[in-house]
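Asks: Please read through the structure below; I'll follow up with questions.
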Amino acid sequence: MKLILTADVDNLGAPGDTVEVKDGYGRNFLLPRGLAIVATRGAEKQVAGIRRAQDARKVRDLDHANELKQAIEGLESVSLSVKTAGTGKLFGSVTTADVASAIKSAGGPVLDKRSIELPKAHIKSTGKHGVVVHLHPDVAAKFTLLVDAAE
Numbered sequence: 027m028k029l030i031l032t033a034d035v036d037n038l039g040a041p042g043d044t045v046e047v048k049d050g051y052g053r054n055f056l057l058p059r060g061l062a063i064v065a066t067r068g069a070e071k072q073v074a075g076i077r078r079a080q081d082a083r084k085v086r087d088l089d090h091a092n093e094l095k096q097a098i099e100g101l102e103s104v105s106l107s108v109k110t111a112g113t114g115k116l117f118g119s120v121t122t123a124d125v126a127s128a129i130k131s132a133g134g135p136v137l138d139k140r141s142i143e144l145p146k147a148h149i150k151s152t153g154k155h156g157v158v159v160h161l162h163p164d165v166a167a168k169f170t171l172l173v174d175a176a177e
């Protein structure tokens, strides 16, 4: 079975790669989880879109990582409004995807959520929280995320 990967799959490939797998593995694992799509002519256009999105998030080299670090640390304020209980506890939690969208809305670069490291697994209270973004093995940007209650 010929498939095009839409996500990174261990020991198989990266998004946009065309792979040949056994029928059962593709039909029972990759397709239901949305990790791949069937390779057709129309799917080739989707591959181009996947690769463009991946290139936009990808850090090219050390100089590019340093530029992104300056852009992130130069942001005035990165804040996120969330629903809370009266005591300041959140309904749910703040995830790395939420932080990535907050950076983008504050005027920062588009980042991959997997490069963001929260102080704990998830942020579950309002206030200021230190966040680290690993842009390159040698470059990490640090900034403060302000989580406040939405009205």
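Residue numbers (the numbering used here): 27 to 177.
Don't be surprised by glycine CBs; every beta carbon is placed ideally from N, CA and C.
Bear in mind that the values here come from a model prediction, so they are computed numbers and not experimental data.
Report the three-state DSSP secondary structure of His-148 (helix, strand or coil).
Replies: coil
Asks: When you compare only the Cα positions, how much space is there between Gly-133 and Phe-169?
Replies: 14 Å
Asks: How many angstroms separate the CA atom of Lys-154 from the CA atom of Leu-144?
Replies: So the two alpha carbons sit approximately 12 Å from each other.
Asks: For Leu-137, collect the residues of the same chain with a Cβ closer than 7 Å to its Cβ; drop the 5 residues on either side in sequence, then sort them by chain order.
Replies: Arg-83, Ala-126, Ile-129 and Val-159
Asks: Relative to the C-alpha of Asp-87, which residue among Ala-175, Leu-172, His-162 and Leu-31 is closest?
Replies: His-162
Asks: Relative to the C-alpha of Glu-177, which candidate in Ser-151, Asp-164, Thr-121 and Ser-107 has its C-alpha closest?
Replies: When each option's Cα is compared against that of Glu-177, the closest is Ser-107.
Asks: Assuming Ile-142 and Thr-122 are in contact, meaning their beta carbons sit under 8 Å apart, how far apart are those beta carbons, in whole angstroms?
Replies: 4 Å
Asks: Thinking C-beta only, is Lys-95 closer than 9 Å to Ser-151?
Replies: no
Asks: Classify Ala-62: buried if its beta carbon has 16 or more other beta carbons within 10 angstroms, exposed otherwise.
Replies: buried
Asks: Can you tell me which of Lys-139, Ala-147 and Leu-101 puts its alpha carbon nearest to the alpha carbon of Leu-172?
Replies: Leu-101
Asks: Under 8 Å by Cβ, that's how I've got Leu-38 and Ala-65 pegged, so tell me the actual separation to the nearest angstrom.
Replies: About 14 Å; that fails the 8 Å criterion.
Asks: Exposed or buried, which one is Ala-111 when buried takes at least 16 other CB atoms within 10 Å?
Replies: exposed
Asks: To the nearest angstrom, how far is the alpha carbon of His-90 from that of Gln-80?
Replies: 15 Å
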